[in-house]
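Undergrad:
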Amino acid sequence: MKKMLAVTLAAAMAMSLTACGGFRTQQTEASGTMKETEKAVDGGDDSAEGGGAEKKAGSEMTWKLATDAARDYPTTKALIKFADEVYEKSNGRIAVDVYESSILGDEVSYMEQLQAGTVDVAKLSIGTLSGLYEDAQVFLLPFLFKNNTEMWKVLEGEVGTTVMNGLNDYSIQGIGFTDCGSRCFYTTTEVKTIEDFKGMPIRVQNNQLMNSMVSCLGGNPVNVAANEVYSALQTGVCKGGENNPNIILSDSLYEVAPYVLMDNHTTTMDVICMNLDLWDSLSEEDKEIVSGAMAEATKYDREIWDASIEDALGKLQEGGTTIVEPDDATLNSFREAMSPIYEEYAAKYEALLNSINEELER
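FYI, the numbering for the sequence shown is -19 to -1, 1 to 343, going by mature numbering (1 follows the signal peptide of the UniProt record, and there is no 0).
1) Going by DSSP, name the residue or residues bridged to tyrosine 91.
2) In angstroms, rounded to a whole number, what distance separates the CA positions of lysine 20 and alanine 213?
3) Report the residue from Val135, Thr48, Gly73 whose alpha carbon sits nearest the alpha carbon of glutamine 94.
4) Quick one: any contact between the stretch 300 to 309 and the stretch 235 to 244, if contact means 3 or more CB pairs under 8 Å?
5) Could you give the DSSP three-state label for threonine 43: helix, strand or coil?
6) Among the residues of its own chain, which have a CB less than 6 Å from the CB of serine 152, if the five just before and after it don't count?
7) What's the C-alpha gap between valine 140 and alanine 238?
8) In the DSSP assignment, find the alpha helix (DSSP H) that holds glycine 154 and state where it starts and stops.
9) For the alpha helix (DSSP H) that isoleucine 228 lies in, which residues bound it at each end?
10) Applying the criterion that 16 or more other CB atoms from any shown protein chain within 10 Å of the CB defines a buried residue, is glutamate 277 buried or exposed?
11) For isoleucine 61, which of helix, strand or coil comes out of DSSP?
12) For threonine 279 and alanine 59, which I take to be in contact (beta-carbon distance under 8 Å), what is that distance rounded to the nearest angstrom?
13) Once you ignore the five residues that flank leucine 190 on each side, which residues in its own chain have a CB closer than 6 Å to its CB?
14) Below 8 Å, how does it come out for the stretch 140 to 149 and the stretch 191 to 203: are there three or more Cβ pairs, yes or no?
15) Bridge partners of glycine 221, per DSSP?
16) I believe threonine 174 touches threonine 302 by the beta-carbon criterion, under 8 Å. Please report the beta-carbon distance rounded to the nearest angstrom.
17) Just to check my reading of the structure: threonine 109 and valine 79 have Cβ atoms closer than 8 Å, yes? What is that Cβ distance to the nearest angstrom?
18) For glycine 295, which of Ile229, Lys329, Met275 has the nearest alpha-carbon?
19) Taking just the CA atoms, how far does glycine 39 sit from tyrosine 114?
20) Hey, quick one: how far does the beta strand (DSSP E) through asparagine 245 stretch, first residue to last?
21) Here's a check: name, in chain order, each residue in its chain whose Cβ is nearer than 8 Å to the Cβ of glutamate 131, leaving out the five neighbours to either side.
22) When you compare each of Tyr54, Lys45, Met42, Trp44 to isoleucine 290 by their alpha carbons, which one comes out closest?
23) If phenylalanine 166 sits next to glycine 221, beta carbons under 8 Å apart, how far is it from one beta carbon to the other, in whole angstroms?
24) Which residue comes first and which comes last in the alpha helix (DSSP H) that contains asparagine 313?
25) Buried or exposed for serine 262, going by 16 or more other Cβ atoms inside 10 Å?
Here it is in structure tokens:
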């Protein structure tokens, strides 16, 4: 089995990545601070899409859905689709208010709210979830998938079900996945080769694996909250970060970090989660409504994702961003430098990695 895993990991590190996607957005002022929302957080305000006051008046249940992504972000559009589908399929019995743009806090904050039941549904990145559900960290391994087609093949199989059910131990029920795209580096000075990363402070999520990834490239990992990245780039606290083109555009990060290296080092997903007590309290009919609505939302998310990335890249270039396409030699140097990460995590996640490999081979 270990020999099989070693072959799998070697193959994964040898892959070249293609598509790039996105996951979270927030609006920023030129100063880099988050635009102050003019909308109140109470449920009757227009700040919540998909379940406004008009709908709620005749609804038996009104759920609060949190996301840090902006309203025009693909995943937020899919979540609004989910809210509309739930309302329609339940004949108005269930309304879902979508609070976008970190109105209810950052992901760590509303993950805690989700567990406590003060938020009913939330979009959580796999990176944030891995701080709670450790097995989710396997999806952060660099070059695990060569594109989102491979990722979806795995998520639609037994591995996806395992992830969903594994959240139950933390008072969370996974109800679906959305694309979080392929991540690339954005920097304040141009980066073309691994040597250019030496000593560069790079912002990553507060995650050991992601810290190791930057360290392996010779950079210095910096953990900064997502809504503070713009100002951190302005002040030099960090000189780069990594995310997908949608986020680089929607968070206006290109204004202070106008270079993007399209290495597509990690292809990941977001998980749409529901408070477990709420899920368990639903009738079988309502669970089917939620599952059906989520299936429609996921389908829509996948339909608009790739086009949104092409659009984002075009707008980034129009805004003066330099897009660097690394050659094979550069990508191979990245894989080689990051190989110690696989050596560190292979034994820990052996069973799950083998399951991923089996899904890909089917």
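We treat Cβ as the ideally placed atom computed from N, Cα and C, and that holds for glycine.
TA: Let me lay it out:
1) Counted from its first residue, the sequence shown places residue 91 at position 110. Paired residues: none, contrary to the question.
2) Here residue 20 is taken as the residue at index 39 of the sequence shown, counted from 1. Here residue 213 is taken as the residue at index 232 of the sequence shown, counted from 1. Unreliable placement is indicated for lysine 20, whose pLDDT of 34 sits below 50; the coordinate value is still reported in the next sentence. The alpha-carbon atoms of lysine 20 and alanine 213 are separated by roughly 26 Å.
3) Here residue 94 is taken as the residue at index 113 of the sequence shown, counted from 1. When only C-alpha atoms are compared, the closest one is Thr48.
4) At 8 Å Cβ cutoff, the stretches touch.
5) Mapped onto the sequence shown, residue 43 falls at position 62. Three-state result, threonine 43: strand.
6) In the sequence shown, counting from the first residue as 1, residue 152 sits at position 171. Contacts found: Gln96, Leu257.
7) The residue labelled residue 140 in the question sits at position 159 within the sequence shown. The residue labelled residue 238 in the question sits at position 257 within the sequence shown. The alpha-carbon atoms of valine 140 and alanine 238 are separated by roughly 36 Å.
8) Counted from its first residue, the sequence shown places residue 154 at position 173. First, the amino acid is wrong: residue 154 is glutamine here, not glycine. Element bounds for glutamine 154: not the alpha helix (DSSP H) but the beta strand (DSSP E), 153 to 168.
9) Against the sequence shown, residue 228 aligns to sequence position 247. 226 to 231 is the span of the alpha helix (DSSP H), which, as asked, contains isoleucine 228.
10) In the sequence shown, residue 277 corresponds to position 296, counting from 1. The residue is buried, with at least 16 neighbouring Cβ atoms inside 10 Å.
11) As a working mapping, residue 61 is identified with position 80 in the sequence shown. DSSP places isoleucine 61 in helix when its eight states are reduced to three.
12) As a working mapping, residue 279 is identified with position 298 in the sequence shown. As a working mapping, residue 59 is identified with position 78 in the sequence shown. At roughly 7 Å, the Cβ-Cβ gap stays under 8 Å, so threonine 279 and alanine 59 are in contact.
13) Position 209 of the sequence shown holds residue 190. The answer, listed in chain order, is Gln118, Leu121.
14) Not touching, per the Cβ criterion.
15) As a working note, residue 221 is residue 240 in the sequence shown. Glycine 221 pairs with Thr168, Ile183.
16) Residue numbering aside, residue 174 sits at position 193 when the sequence shown is read from its first letter. Residue numbering aside, residue 302 sits at position 321 when the sequence shown is read from its first letter. 19 Å between Cβ atoms; not a contact.
17) Within the sequence shown, residue 109 is the residue found at index 128, counting from 1. Within the sequence shown, residue 79 is the residue found at index 98, counting from 1. Actually they do not touch by this definition, with Cβ atoms about 18 Å apart.
18) In the sequence shown, the residue the question calls residue 295 occupies position 314. It is Ile229 whose Cα lies nearest to the Cα of glycine 295.
19) Stepping through the sequence shown from its first residue, residue 114 is reached at position 133. Stepping through the sequence shown from its first residue, residue 39 is reached at position 58. Roughly 37 Å between the two C-alpha positions.
20) The count along the sequence shown starts at 1 and reaches residue 245 at position 264. For asparagine 245, the enclosing beta strand (DSSP E) has its first and last residue at 240 to 256.
21) In the sequence shown, counting from the first residue as 1, residue 131 sits at position 150. Correct list, in chain order: Thr248, Leu341.
22) Working through the sequence shown from its first residue, we reach residue 290 at position 309. The shortest Cα separation from isoleucine 290 among Tyr54, Lys45, Met42, Trp44 belongs to Tyr54.
23) The residue given as residue 166 occupies position 185 in the sequence shown. The residue given as residue 221 occupies position 240 in the sequence shown. Rounded, the Cβ-Cβ distance is 6 Å, consistent with contact.
24) Working through the sequence shown from its first residue, we reach residue 313 at position 332. Counting along the chain, the unbroken alpha helix (DSSP H) around asparagine 313 starts and ends at 309 to 326.
25) Working through the sequence shown from its first residue, we reach residue 262 at position 281. Serine 262 comes out exposed.
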